[in-house]
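Peer 1:
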Amino acid sequence: MGWQPGSGGTSDQPVPGSGLPGPGTPSPAGPAHDPRTPGFAKDGKWDASRPSAALAVALEASSGVQWRCPGATRDELLGMLRQWQALESWAAAGKLGLLRALIRDDDQPLPGGGYHGNLPDGWTRSLTHEVALALSMPAVSAEQQMWLAWNLQAVLPGTGDLLAAGELTLAKARAVDKALGQLTDQDAARAEAIIAPDLPGKTYGQVEKLAVQAAITVDPESATRRREDAEQHRCRVQLFREDSGAAALSGRDMPTDQTLAAHANVSARAQQYKDSGVFDDDTRMDQFRVTAYLDLINEISAETRIASRHLVSIAYAGEDSGQGDEGLSEHDGPKDGDDADGDDGPSENSGPGNDSGPDSGGPRGGHPSGGRPSGGASSPPLRLADLVIPLATLLGLAERPGDGHGLGPLDPTLCRDLADAAVASPHSRLCVTVTGPGGIAIGHGCARQKAGTVPAAFASLTARVNLTITADRLAELAGPRGGAGPPDSSPWAFARAGNTGPPGGHGKWTLTLPDGRSLTVELEPVPTLDCDHRHESHAYQPNDRLRHLVQIRDGTCTFPVCSRHARESDFEHAVPYDKGGRTCGCNAGARSRTCHQVKQSSGWTVTQTRPGWHQWETPTGRSYVQGPKRYPA
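So for the sequence shown, this note's numbering puts the first residue at 93; every next one is plus one.
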């Protein structure tokens, strides 16, 4: 137990009688003090040493088992801490150096390509994907790492040297590269020369500020170009899951004037809700803002919301978050730390996949009144939310989590809420997937609702809902007792509809929704473990059923580090169709357009050892296997 208030000690002196060492006091007991440890004290041999293999050996020896650092003084501990960080930077520099070596080795003529020193001005997409596999990161993140490696030698060698010397962390080096990215090579060199002497010892935020100021100093128009480039090429709306399990919808790199106007509209609508007087007095202003934000996007009028007397979620009494109508609070924005831009952080976690693909936005336009269009007259949206929800959770048989594409895991309560909202929309689509060992899909059936048969409810959600159930639980439901939960435990039901069904499948079933509607689902086999070729197409293009079953089986692009949804990917033959390959589930998989093109480039092959398993072999002969999607059920 450490120092306690009132016991007579301070953070700088040992507590009398405590037996705990203070700064500079070796522990009297325990493992032997390594003779190299004093070298990490201030001005010691190792304290002033540049990162090297010898330093790593000394650090490992002085740190001891489980890094307990036996006998080390406070001063020595701090010296060791600093040098471990220096080694971390040195290792990062080494990794970037290896990326440059791969770029030089790739050295294939590219259109308009030249050289910066001995570095080619580009590399093949094939190399990017090889690196992505080797480092277990999305191709977009690998590309970013490779350009950082290139820039820190070809354009900003001083920053690269500081990284290798342990004076800058990788995140800080990346901040310099990002801030100077809109400058010419000559201006970038001038800006780097201005700030390089001041970078060691600075925090991430301080490094970023110095670099941005230097960029503006050498080229006053660079800030304008940087902003305009972001608005044109990096603007995006991201849907992702918060750590709490709630959802987030974030607009990034948007035009400043329109963003300020949008924020003002949200604030004005929120104030309108507050001034209506129909909501609880202790409702937080943030609750009004969130409701206003979603209502404006979902075309729910203020009058409709106020008449409902219900906000988007339950409000609670307490202090506001501190964000007023003026803008972001001082607590918002990137934190001043070295994880501000990690190796595979926001760039790969920000939304469903990173390959270029269809825009996630809906149709333009709206309704002048601001009200939600009625169910019968509205046209289906271009995009549907993708939800995977265990039937056992809806039937009251178990509390199993689900999954939302772009959202991640969904808790059981949220599963029920989202399922209820989805079936209230006439445009939602329902499927049932039977899972086998490990959650792989072995059976599937669809039951789409007819558009216009059900008016859209106030809180409806248009979604593609895949209801999952294990083969064992399905067998229980087919038994004499039906495997049902307690009476009145759920408004959902799933029951066998006679003994018919697709050959080799899992029967014909009736899915009863909470509003009493009944849908028929015929569960046929999915070509995962084996394939009977029942849906084989004798043309290059697959039929709709085959395409859908492959999408259900694969879940995402079958390139091991790509998370592009299978529905947004190409149906691609493993053995090319023009070389005798079948258009069938045993010779096809989902590939994002980028990964599809990589697979077709020189030296790459894909084989399916079983229908649902895709083995990629790279030009260097390394193999990586991607199996079928594992569904929660």
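From the three backbone atoms N, C-alpha and C, an ideal C-beta is built for every residue, glycine too.
1) Any idea if S155 is buried or exposed, counting beta-carbon neighbours within 10 angstroms, 16 or more meaning buried?
2) For the beta strand (DSSP E) that contains D646, what are its first and last residues?
3) Going by DSSP, name the residue or residues bridged to G681.
4) When the Cα atoms are used, what is the spatial distance from T675 to R702?
5) Check whether the Cβ atoms of I532 and P720 sit closer than 8 Å, and answer yes or no.
6) Do the segment 695–714 and the segment 502–518 make contact, defined as three or more Cβ pairs closer than 8 Å?
7) Run through DSSP, which three-state label would D670 get?
8) What are the start and end residues of each continuous alpha helix (DSSP H) run of 4 or more residues lying completely inside the segment 172–245, in chain order?
9) Nearest to E391 by CA position, among H325, A338, L170, S552, is which residue?
10) If you follow the beta strand (DSSP E) that K600 is in, where does it begin and where does it stop?
11) When DSSP builds the beta bridges, which residues end up paired with S629?
12) Contact check, D345 vs A362 under 8 Å by CB: the rounded distance?
13) Give the single residue among D564, P619, A490, Q718 whose Cα lies nearest to the Cα of S582.
14) If you drop the 5 nearest sequence neighbours on each side, which residues of the same chain put their C-beta closer than 6 Å to that of G343?
15) Assuming E300 is part of the beta strand (DSSP E), what are its boundary residues?
16) Given R174, which residues of its chain have a CB within under 8 Å of its CB, disregarding the five upstream and five downstream residues?
17) Throw me the rounded Cβ distance for the S359 and I398 pair, which I believe falls under 8 Å.
18) Could you check if N210 is buried or exposed, using at least 16 other CB atoms within 10 Å of its CB as the buried criterion?
19) Buried or exposed, going by whether 16 or more other CB atoms sit within 10 Å of the CB of H625?
20) Going by DSSP in three states, Y716 sits in which element: helix, strand or coil?
21) Would you check if the segment 145–164 and the segment 191–198 touch, i.e. whether three or more CB-CB distances between them fall below 8 Å?
22) Candidates P518, G677, L641: which alpha carbon is nearest D607's?
23) How many Å lie between E235 and L227 at the Cα?
24) If you measure between the beta carbons of A555 and A477, is that distance less than 8 Å?
25) May I have the straight-line CA-CA distance separating A184 from L255, to the nearest angstrom?
26) Name, in chain order, the residues that DSSP records as bridge partners for N390.
27) Distance, Cα to Cα, N357 vs G337?
28) Could you check where the beta strand (DSSP E) with A585 kicks off and where it finishes?
29) Can you tell me the Cβ-Cβ gap for A150 and R128, rounded? I've got them flagged as a contact below 8 Å.
30) Have a look at L486, V698, E664 and flag the residue whose alpha-carbon is nearest the alpha-carbon of Q643.
31) Can you tell me whether A338 is helix, strand or coil according to DSSP?
32) Is F586 near L479, with beta carbons less than 8 Å apart?
33) Under 8 Å by Cβ, that's how I've got R333 and G535 pegged, so tell me the actual separation to the nearest angstrom.
34) Have a look at L225, T220, A658 and flag the residue whose alpha-carbon is nearest the alpha-carbon of W239.
35) Can you say whether Q718 is buried or exposed, counting buried as having 16 or more other CB atoms within 10 angstroms of its CB?
36) Going by alpha carbons, who is nearest to K366 out of T383, G677, C538, V618?
Peer 2: According to the data block:
1) buried
2) Not the beta strand (DSSP E): D646 falls in the alpha helix (DSSP H), residues 636–646.
3) E664
4) 15 Å
5) yes
6) no
7) helix
8) 217–227
9) S552
10) 599–604
11) For S629, which the question treats as bridged, DSSP gives the partners T675.
12) Actually they are not in contact, since the Cβ atoms of D345 and A362 sit about 24 Å apart, beyond 8 Å.
13) Of D564, P619, A490, Q718, the residue nearest in Cα terms is A490.
14) V329
15) Under the DSSP assignment, E300 falls outside any beta strand (DSSP E), being part of the alpha helix (DSSP H) whose first and last residues are 296–310.
16) D139
17) In fact, because the Cβ distance is near 17 Å, the residues do not count as touching under 8 Å.
18) exposed
19) It is exposed - the Cβ of H625 has fewer than 16 other Cβ atoms within 10 Å.
20) For Y716, the three-state secondary structure derived from DSSP is strand.
21) no
22) P518
23) 12 Å
24) yes
25) One C-alpha to the other measures close to 8 Å.
26) N390 is not bridged to any residue.
27) 27 Å
28) DSSP places A585 inside the beta strand (DSSP E), whose first and last residues are 585–588.
29) 5 Å
30) E664
31) coil
32) In this structure, F586 lies away from L479, with their beta-carbon atoms at least 8 Å apart.
33) Not a contact, Cβ separation roughly 28 Å.
34) T220
35) buried
36) T383
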